[in-house]
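Enquirer: Listed in order, the protein sequences are those of chains A and B.
Using my numbering, read the first sequence as starting at 4 and increasing by one per residue.
Using my numbering, read the second sequence as starting at 503 and increasing by one per residue.
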Amino acid sequence: FRFKDSLAEELQSADLVISHAGAGSCLETLEKGKPLIVVINDKLMDNHQLELAKQLHRDGYVLYCNCSTLVEMLQSMNLSALKPFPPGQPEKFASFLDKVFGLQ
Amino acid sequence: TGGHTTEILRLLSCLSESYSPRHYVLADSDKMSEAKIRYFEQKRAETFSESQFSLDRIPRSREVRQSWISSVVTTLYSILYSLPLTYKRKPDLILCNGPGTCVPVCLSAFLLGLLRIKRTTIVYVESICRVETLSLSGKILYYFSDYFIVQWPDLKKKYPKSVYLGRIV
């Protein structure tokens, strides 16, 4: 199971996902509408990965803890408080580029 | 590489066929992106039959956590390597989102612009992962790009010349 090409199938059938703070993992999970708990590795402090996880938590999309508090979180978590994650809008980017090149 | 490729393909997803042909530039050590790109282009060809694209590889300019001094040397080497490629393709637009690979390509295009050989529009989109700080590529290309796009409002505040369109991937 080490490095599968895609976890899409597993994600689809999961009820809860517990993951590290990697952007790909977080976003893929949120886009599938699955509740997510992000576990931060305290020992990797200098890690810009945390920026996204923290922001997603601030915005109410994910729960957030570290290894030692995970068990407690699983016991006390309220998944229904999590907000649904709206998709990104690449069409805004396309629109922007079209304006730049006078293609509208 | 990996996450960058996924993000950039999403950025391309809504572009019209005016943005054609597409020339993808990859690091020589990148094993996974080629498959993702080919899949994307294959899907695209189902809708736009005249769709054209190409793939080029350049030496990776910097390994993760490579030392500062050796990074300068390898980046210079990559810029020299990129020059003939950029000269050959003479792109109207370079779109990139942060892997080390993009710095030499953009700088080579910038150089060709200074030499009045080809004026390329450089559009940099910082990764969605970057909420509060820019990547190293971003910090460099903030000064060399024509349009620098960020996806979180904190970055727009810190880098006022950037463009904020919200989350676009």
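We put the CB at the ideal spot given by N, CA and C, even for glycine.
The structure presented is a predicted model; accordingly, all values stated were derived computationally and were not measured.
Indicate whether Tyr589 of chain B and Ile560 of chain B have their beta-carbon atoms separated by less than 8 Å.
Expert: Contact flag unset, no.
Enquirer: Mind checking His23 of chain A: buried by the 16 CB within 10 Å criterion, or exposed?
Expert: Its Cβ having fewer than 16 others within 10 Å, His23 of chain A is exposed.
Enquirer: Leaving out the 5 sequence neighbours to the left and right, which residues in its chain are closer than 8 Å to Gly505 of chain B when beta-carbon positions are compared?
Expert: So the list reads Ser629 and Cys631, once near-sequence residues are dropped.
Enquirer: Would you mind working out which of B:Val605, B:Val607 and B:Arg591 sits nearest Ser556 of chain B, comparing C-alpha positions?
Expert: The shortest C-alpha separation from Ser556 of chain B is found at B:Arg591.
Enquirer: On the DSSP bridge list, what partners appear for Asp594 of chain B?
Expert: Bridge partners of Asp594 of chain B: none, in fact.
Enquirer: In chain order, what residues of the same chain have a beta carbon less than 6 Å from the beta carbon of Lys620 of chain B, not counting five sequence neighbours either side?
Expert: Cβ neighbours of Lys620 of chain B beyond the five flanking positions: Lys592 and Leu614.
Enquirer: Mapping DSSP to helix, strand and coil, what is Asp656 of chain B?
Expert: Reduced to three states, the DSSP call for Asp656 of chain B is helix.
Enquirer: If you draw a straight line from the C-alpha of Ser569 of chain B to the C-alpha of Leu59 of chain A, how long is it?
Expert: About 32 Å.
Enquirer: If you pair each beta-carbon of the stretch 506 to 519 of chain B with each one of the stretch 656 to 665 of chain B, do three or more pairs fall below 8 Å?
Expert: Taking 8 Å as the limit for Cβ pairs, the verdict is that the stretch 656 to 665 of chain B does not touch the stretch 506 to 519 of chain B.
Enquirer: Rounded to the nearest angstrom, what separates Leu578 of chain B and Ser639 of chain B at their Cα positions?
Expert: Approximately 14 Å, taken between the alpha carbons.
Enquirer: Glu31 of chain A: buried (16+ other C-beta within 10 angstroms of its C-beta) or exposed?
Expert: By the neighbour-count rule (16 or more Cβ atoms within 10 Å), Glu31 of chain A is buried.
Enquirer: Give a yes or no on whether 8 Å exceeds the smallest Cβ distance from Glu13 of chain A to chain B.
Expert: No, Glu13 of chain A does not count as interfacial toward chain B.
Enquirer: Compute the beta-carbon to beta-carbon distance between Asp594 of chain B and Ile624 of chain B, rounded to the nearest angstrom, for a pair I have assumed lies under 8 Å.
Expert: Contact flag wrong, Cβ pair sits at about 11 Å.
Enquirer: Listing by chain order, which chain A residues have their CB less than 7 Å from the CB of Ile670 of chain B?
Expert: Those are Gly91, Gln92, Pro93, Lys95 and Phe96, listed as they occur along chain A.
Enquirer: Can you pull the chain A neighbours of Leu667 of chain B, defined as C-beta to C-beta under 7 Å?
Expert: Under the 7 Å cutoff, chain A gives Lys95, Phe96 and Phe99.
Enquirer: Of all the options B:Ile670, B:Ser518 and B:Leu636, which has the alpha carbon lying nearest to the alpha carbon of Phe550 of chain B?
Expert: Nearest C-alpha to Phe550 of chain B: B:Ser518.
Enquirer: Please classify Phe555 of chain B: does DSSP put it in a helix, a strand, or coil?
Expert: Reduced to three states, the DSSP call for Phe555 of chain B is strand.
Enquirer: Please check the pair Gln52 of chain A and Arg669 of chain B, which I expect to be a contact at CB under 8 Å, by giving their CB distance rounded to whole angstroms.
Expert: Contact flag wrong, Cβ pair sits at about 17 Å.
Enquirer: By the criterion of Cβ-Cβ separation under 8 Å, what are the contact partners of Gln52 of chain A in chain B?
Expert: Those within 8 Å of Gln52 of chain A in chain B are Cys631.
Enquirer: For Glu628 of chain B, return the contacting residues in chain A, with the cut-off set at a CB-CB distance below 7 Å.
Expert: In chain order: nothing, as chain A lies at least about 11 Å away.
Enquirer: How would you call Ala529 of chain B, buried or exposed, if buried means at least 16 neighbouring beta carbons within 10 angstroms?
Expert: So Ala529 of chain B ends up on the buried side.
Enquirer: What does Gln78 of chain A touch in chain B if you count any residue whose Cβ is under 8 Å from its own?
Expert: By Cβ distance, chain B contributes nothing, its closest Cβ being about 30 Å from Gln78 of chain A, past 8 Å.
Enquirer: Please report the distance separating the alpha-carbon of Ala26 of chain A from that of Lys35 of chain A.
Expert: Going by the C-alpha atoms only, they are around 14 Å apart.
Enquirer: DSSP three-state label for His506 of chain B, please.
Expert: Here His506 of chain B sits in helix by DSSP.
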